[in-house]
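J.:
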Amino acid sequence: MTQVTNTVRFVLDGQIVEAQGKRRTTTVLDYLREQMHRTGTKEGCAEGDCGACVVMVGELNAAGTGVDYVATNACIQLLPSLDGKSVKTVESLKNADGTLHPVQAEMVKCHGSQCGFCTPGIVMSLVNLVQVLPTPNRQQITDALSGNLCRCTGYKPIIESATQACAKPEALKLNDSADVPLLKQIQRASVPTLSLDGDIIVQPVVRTKKGNEFVSPATLTEVADYLVKHPTTTLLAGSTEIGLQVNKQFARPEHIMYLGNVKELRQVTETESLWRIGAAVSLTQVEALMAQAYPDFAEVLRRFGSPPIRSTATLAGNIANGSPIGDSMPCLLALGASLVLRRGDKTRHVLLENFYTGMKKNVLASGEFIEAVELRKPVAGQVFRAHKVSKRFEQDISATCAAISYRLEAGKLKGVKLAYNGLSPFPARAPQLEAVLEGKAPADVQAAELDAVIAASFTARDGLRATWAYRALVARNLVLEFIEEQTKEVA
Ligand SMILES: Cc1cc2nc3c(=O)[nH]c(=O)nc-3n(C[C@H](O)[C@H](O)[C@H](O)COP(=O)(O)OP(=O)(O)OC[C@H]3O[C@@H](n4cnc5c(N)ncnc54)[C@H](O)[C@@H]3O)c2cc1C
Ligand code: FES
Ligand code: FES
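Following the numbering used here, the numbering of the sequence shown begins with 124 at its first residue and continues without gaps.
1. Determine the extent of the alpha helix (DSSP H) in which F420 is found, giving its start and end residues.
2. Would you call A614 buried or exposed, if buried means 16 or more other Cβ atoms sit within 10 Å of its Cβ?
3. Whole alpha helix (DSSP H) runs in the region 239 to 267 with 4 or more residues, listed along the chain?
4. Considering only C-alpha positions, which residue in the set L205, S429, E170, T582 is nearest to G383?
5. Check whether the region 331 to 350 touches the region 372 to 389, taking contact to mean three or more Cβ pairs, one atom from each stretch, closer than 8 Å.
6. Checking the sheet assignment: what are the DSSP bridge partners for G481?
7. Kindly indicate which residue of A439, Q143, L487 has the alpha-carbon position closest to the one of T363.
8. Count Cβ pairs between the region 323 to 337 and the region 159 to 178 that sit closer than 8 Å; are there 3 or more?
9. Would a C-beta distance cut-off of 8 Å place N196 and I432 closer than the cut-off?
10. For Q263, which residues in the same chain have their Cβ closer than 8 Å to its Cβ, ignoring the five residues on either side in sequence?
11. Between D320 and V314, what straight-line distance do the alpha-carbon atoms span, to the nearest angstrom?
12. Counting C-beta neighbours from all protein chains within 10 Å, is the total for L546 16 or more, i.e. buried, or is it exposed?
13. Thinking A564 and G534 are a contact (beta carbons under 8 Å), I'd like their distance in whole angstroms, please.
14. Going by Cα to Cα distance, which pick from V213, C273, Y278, T258 is closest to V246?
15. Report the CB separation of R132 from I365 in whole angstroms; it is logged as a contact under 8 Å.
16. Which two residues bound the contiguous beta strand (DSSP E) that contains Y381?
17. According to DSSP, is R466 part of a helix, a strand, or is it coil?
18. Here's a check: name, in chain order, each residue in its chain whose Cβ is nearer than 7 Å to the Cβ of V423, leaving out the five neighbours to either side.
19. How long is the line joining the alpha carbons of L596 and L474, rounded to whole angstroms?
20. Considering just the uninterrupted stretch of the beta strand (DSSP E) at M640, what are its terminal residues?
21. Determine the direct distance from the alpha carbon of L155 to that of R161, and round the result to whole angstroms.
22. Tell me which residue opens and which closes the alpha helix (DSSP H) that D574 is part of.
23. Chain B beta carbons: is any one of them nearer than 8 Å to that of Q408?
24. Identify which residue in R375, E157, A360 has its Cα closest to the Cα of R389.
25. Just to confirm, are L703 and A551 a CB contact at a threshold of 8 Å?
26. Using a threshold of 8 Å, state whether the C-beta atoms of T357 and S405 are closer than that.
27. Quick check: what's the CA-CA separation for K484 versus F549?
28. Return the chain-ordered list of same chain residues with a C-beta closer than 7 Å to the C-beta of A579, the five sequence neighbours on each side being excluded.
29. Could you tell me whether the region 211 to 231 touches the region 175 to 191, where touching means 3 or more Cβ pairs closer than 8 Å?
30. Taking C-alpha atoms, which residue in L306, V250, P292, G239 lies nearest to C275?
31. In the DSSP output, what is W398 paired with across the bridge?
32. Whose C-beta lies closer than 7 Å to the C-beta of Q143 among residues of the same chain, with five residues either side of it excluded?
33. Give the single residue among F581, P259, Q415, V486 whose Cα lies nearest to the Cα of L295.
34. Helix, strand or coil for A558 per DSSP?
35. Just how far apart, CA to CA, sit I448 and L587?
36. What's the C-alpha gap between E141 and V329?
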């Protein structure tokens with residue numbers, strides 16, 4: 124374990140790369156293209172939407188014997204967050220004898236490429252998929268490609284290439300044996316460094332001449348301590364918001380603290396009744412966690428951005444960002460989720476429904492951050508439904524997403540919690556609508572009554588994504604849809 128400051132160290136195809144003197148906001152894409160001349164990785168949108176920049180980012184697996192990869196949008200990831208990790212670009216796929224990876228070879232055979240601009244990103248998304256799923260079905264292939272836009276070829280031959288490549292599953296796995304010892308060599312210390320006075324010292328990965336820092340601590344104690352000492356620090360989790368602020372609004376935060384290496388924040392722990400989801404747990408992991416317990420929540424997450432977005436984006440980042448159309452929040456609100464907020468060594472619990480105080484405003488105090496999200500497990504008789512309405516099925520932002528939780532007791536709706544995004548300045552529960560539903564038999568719920576309460580509950584505002592009239596109609600129809608199955612059963 125070594126501490127190296129002002130140098131970002133990562134592994135690229137069996138070699139340690141030492142990036143020195145880089146800005147804390149240099150993107151992975153710019154570094155790969157401009158410094159490493161890996162120009163196979165393209166820039167299309169620079170905002171995580173098109174997939175032309177997809178690379179694979181790997182970390183040592185838990186046993187330290189291999190590398191776990193995720194597909195990532197290099198355009199919105201900051202270079203210092205690569206410290207201690209490995210990267211594979213499309214150039215990494217070529218074998219020493221010049222032969223191509225089966226996915227590439229089949230792209231050629233199946234005519235999966237025309238202008239070729241999207242091709243490296245598509246190949247990397249597919250190669251990433253087959254590392255964990257050597258025999259994916261069509262749905263898994265199309266899911267994996269949902270963040271890759273191709274304007275000229277069309278997806279049929281691309282999907283065909285993936286299917287054909289998987290006919291030879293033994294040749295799909297990347298050989299990362301040379302990377303494993305190097306990854307071990309560049310790991311940073313996993314315990315805090317202390318000064319002679321016992322003060323915690325967080326060694327910066329990047330420190331500029333002006334004294335601005337990019338830090339990447341390994342422990343919760345360091346995060347809490349650093350944030351109290353530097354309360355204006357920008358927290359960086361999955362970078363799917365921050366990366367856009369850097370690229371599109373030219374944001375240059377003074378201090379940036381990356382949470383992706385903090386072991387406590389990467390854990391999901393559970394009791395009999397709840398999960399505690401650490402602030403650095405990715406949406407991909409949350410999606411898997413929800414699959415059995417709350418399948419509609421998992422489906423909302425499956426339609427959240429794309430696989431490369433979900434592989435880094437976090438639940439805590441979605442909540443902290445507080446977008447009025449944030450997708451996880453309606454589900455979490457309907458499920459009564461609460462947040463563990465930490466400042467220094469003190470924590471407090473705040474219900475998510477009490478977290479927001481206005482558009483993108485919340486109750487976080489100076490130096491305080493979200494440590495975890497606590498979510499109750501389903502109880503007997505609980506019904507949970509959620510649905511996201513957007514113009515496109517995949518990789519699109521909500522017009523409205525709604526979620527509801529209730530029980531049916533003696534044919535009546537009980538314990539109703541209903542929440543929306545897109546209808547108010549922040550995702551919120553709809554108490555007046557809940558009151559209309561509470562205690563009523565599903566078949567007695569009238570559309571006109573819901574319409575009247577929706578009109579009285581929210582301020583009518585047309586938005587870029589949808590008119591108010593459309594949103595209000597969707598809000599009402601989703602409630603009817605959510606209780607329709609009960610109407611059928613009771614009838
Ligand atoms: C292409 C694309 C598609 C997207 N699709 C969707 C979508 O379908 N639905 C949707 O809701 N959103 C979507 N988003 C938005 C974004 O992905 C989500 O908001 C995501 O959950 C943000 O999480 P992150 O970990 O990437 O946050 P980051 O970008 O790392 O941080 C976001 C904000 O949260 C703060 N923050 C992060 N962690 C903490 C913490 N622990 N405590 C306090 N503050 C913290 C950061 O300082 C920052 O202000 C999309 C974004 C992109 C680029
Ligand atoms: S360049 Fe479009 S997703 Fe990165
Ligand atoms: S081959 Fe041209 S964009 Fe896909």
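Ideal Cβ placement from N, Cα and C applies to all residues, glycine included.
T.: Quick look at the numbers:
1. One-based indexing of the sequence shown puts residue 420 at position 297. Per DSSP, F420 belongs to the alpha helix (DSSP H) from 418 to 425.
2. The sequence position of residue 614 within the sequence shown is 491, counting from 1. Reliability fails at A614, whose pLDDT of 44 lies under 50, so the model's placement of it is uncertain and the value that follows must be treated cautiously. So A614 counts as exposed.
3. 242 to 255, 261 to 267
4. Taking the sequence shown and counting its residues from 1, the one referred to as residue 383 is at position 260. Taking only the C-alpha atoms, the option nearest G383 is L205.
5. yes
6. Taking the sequence shown and counting its residues from 1, the one referred to as residue 481 is at position 358. Answer is K484.
7. By 1-based counting over the sequence shown, the position of residue 363 is 240. When each option's Cα is compared against that of T363, the closest is A439.
8. no
9. Residue numbering aside, residue 196 sits at position 73 when the sequence shown is read from its first letter. Residue numbering aside, residue 432 sits at position 309 when the sequence shown is read from its first letter. It is a contact, given that the beta carbons lie within the stated cut-off.
10. If you number the sequence shown from 1, residue 263 lands on position 140. Once the five neighbours on either side are set aside, the close Cβ partners of Q263 are L252, L256.
11. In the sequence shown, residue 320 corresponds to position 197, counting from 1. In the sequence shown, residue 314 corresponds to position 191, counting from 1. Near 17 Å, if we compare the C-alpha coordinates of V314 and D320.
12. Within the sequence shown, the letter at position 423 stands for residue 546. When all chains shown are included, L546 counts as buried.
13. In the sequence shown, residue 564 corresponds to position 441, counting from 1. In the sequence shown, residue 534 corresponds to position 411, counting from 1. Right, their Cβ atoms sit about 5 Å apart.
14. The count along the sequence shown starts at 1 and reaches residue 246 at position 123. With distances taken between Cα atoms, V246 lies closest to V213.
15. If you number the sequence shown from 1, residue 132 lands on position 9. If you number the sequence shown from 1, residue 365 lands on position 242. No, R132 and I365 are not in contact; Cβ-Cβ is about 22 Å, not under 8 Å.
16. For this step, residue 381 is matched to residue 258 along the sequence shown. From DSSP, the beta strand (DSSP E) with Y381 extends over 379 to 381.
17. For the purposes of this step, residue 466 is taken as residue 343 along the sequence shown, with counting starting at 1. Three-state result, R466: strand.
18. Against the sequence shown, residue 423 aligns to sequence position 300. Here the set comprises D450, C454, A509, K511, C524.
19. To locate residue 596, count along the sequence shown from 1; it is residue 473. To locate residue 474, count along the sequence shown from 1; it is residue 351. Approximately 29 Å between the Cα atoms of the pair.
20. Nothing about residue 640 can be read from this structure; the chain reaches only from 124 to 614.
21. On the sequence shown, position 38 is the one that residue 161 refers to. On the sequence shown, position 32 is the one that residue 155 refers to. The alpha-carbon atoms of R161 and L155 are separated by roughly 5 Å.
22. Here residue 574 refers to the residue found at position 451 of the sequence shown. 570 to 580 is the span of the alpha helix (DSSP H), which, as asked, contains D574.
23. The question asks about chain B, but that chain is absent: this structure has only one protein chain.
24. Start at 1 with the first residue of the sequence shown, and residue 389 comes out as number 266. Taking only the C-alpha atoms, the option nearest R389 is A360.
25. This structure leaves residue 703 out entirely; the chain is present only between 124 and 614.
26. On the sequence shown, position 234 is the one that residue 357 refers to. On the sequence shown, position 282 is the one that residue 405 refers to. Against a cut-off of 8 Å, the Cβ pair of S405 and T357 comes out as no contact.
27. On the sequence shown, position 361 is the one that residue 484 refers to. On the sequence shown, position 426 is the one that residue 549 refers to. If I take the Cα positions, the gap works out to 9 Å.
28. Indexing the sequence shown from 1 puts residue 579 at position 456. Once the five neighbours on either side are set aside, the close Cβ partners of A579 are Q555.
29. yes
30. Residue numbering aside, residue 275 sits at position 152 when the sequence shown is read from its first letter. It is G239 whose Cα lies nearest to the Cα of C275.
31. Residue 398 sits at position 275 when you count from the first residue of the sequence shown. Paired residues: E393, L498.
32. Position 20 of the sequence shown holds residue 143. Cβ within range, chain order: N129, T130.
33. As a working mapping, residue 295 is identified with position 172 in the sequence shown. Answer by Cα proximity: P259.
34. Within the sequence shown, numbered from 1, the residue matching residue 558 stands at position 435. In the structure shown, A558 sits in a helix (DSSP, three-state: H, G or I).
35. For the purposes of this step, residue 448 is identified with residue 325 of the sequence shown, where counting begins at 1. For the purposes of this step, residue 587 is identified with residue 464 of the sequence shown, where counting begins at 1. C-alpha separation (whole angstroms): 11 Å.
36. For the purposes of this step, residue 141 is taken as residue 18 along the sequence shown, with counting starting at 1. For the purposes of this step, residue 329 is taken as residue 206 along the sequence shown, with counting starting at 1. In a straight line, the C-alpha of E141 is about 12 Å away from that of V329.
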